[in-house]
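According to this note's numbering, the sequence shown holds residues 480 to 575 in order.
Ideal placement from N, C-alpha and C gives every residue a C-beta, glycine not left out.
What follows is one structure encoded as structure tokens, with my remarks underneath.
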Amino acid sequence: MDDKWKINLSMADATYPVWIKPEDEEIVRKAAQQVNDILKEYREKWPNVEKERIMTMIAYRFSLESLLEKQRNDTTPYTEKITELTKTLEEHFKKE
């Protein structure tokens, strides 16, 4: 772990020690801040909801965003279509 630093992240009223690469510190801290910002937003909307339930909703939100992003970046349908068109063109030119 020579190339990693130990930092403490504060999220949801707790502190978590984590080991990170120095070049990742900014993004790791931004991620923790994002959790805290959303937690604050949700606590203001639903002050009577338990923190554990709010954290579940936050985890769901991040998971959904991640899956939607992966779906947007999925090039499989395009690759399949290009392969299909390439085969069609090859067959066409073989006939000529």
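Beta-carbon proximity of residue i to residue j, cut-off 8 Å
{"i": "residue 540", "j": "residue 517", "result": "yes"}
{"i": "residue 429", "j": "residue 515", "result": "Here the chain covers residues 480 to 575 and nothing more, so residue 429 does not appear."}
Given residue i as reference, the closest of the options once Cα atoms are compared
{"i": "residue 501", "options": "523, 482 and 530", "result": "482"}
{"i": "residue 533", "options": "519, 494 and 543", "result": "519"}
For residue j and residue i, the rounded distance between their alpha carbons
{"i": "residue 523", "j": "residue 565", "result": "55 Å"}
{"i": "residue 554", "j": "residue 548", "result": "12 Å"}
{"i": "residue 495", "j": "residue 511", "result": "10 Å"}
{"i": "residue 513", "j": "residue 550", "result": "22 Å"}
{"i": "residue 530", "j": "residue 493", "result": "12 Å"}
{"i": "residue 497", "j": "residue 538", "result": "19 Å"}
{"i": "residue 568", "j": "residue 542", "result": "41 Å"}
Validate contact between the region 480-489 and the region 502-513 using beta carbons, cut 8 Å, 3 pairs: yes
Uninterrupted beta strand (DSSP E) stretches inside the region 489-549 (no shorter than 3 residues): 493-499
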